[in-house]
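Residue numbers (our numbering): 251 to 356. Ideal Cβ placement from N, Cα and C applies to all residues, glycine included. Each remark here refers to the structure printed beneath this line.
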Amino acid sequence: MAPPDHDTDIVRKFIDVSLYRELAETIPDKNLEIIELIPQKDKEQIANAYKPYLKGMELSPFAVTLGDNVLFTNSVGTVYYVDFDFGVFDMGRSLDEFVAELKSGL
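Next up, the structure:
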């Protein structure tokens, strides 16, 4: 499964942190705003910058939230949120489910 492309309008959408138990129990934020999608040309550079935080996982970045934290996917499409202060969180959603939740405003 490929990450969303620039035709997928998730910029300015908010992630409801309460939908993700581990995330809600760890970070103080109630919502995370997606502020940009990562262009293909920048993905390798961003992945390399985050490599020390990814605990050996092979993840591909696709979006940035306010505060410069990044959303990634793995090879099977699972979404991860990576926060420099709090760590790596498996969002427990496929990319399709995650994008559908954002678009529906859940």
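- The C-beta of L345 has 16 or more other C-beta atoms within 10 Å across all chains shown, which makes the residue buried.
- Here D292 carries a helix assignment [DSSP, helix/strand/coil].
- In the three-state DSSP reduction, L304 falls in the coil class, being neither helix nor strand.
- Inclusion of L282 and I296 in the CB contact set at 8 Å is not warranted, their separation being larger than that value.
- Of the candidates S310, R262, I284, G337, the residue whose Cα lies closest to the Cα of T276 is G337.
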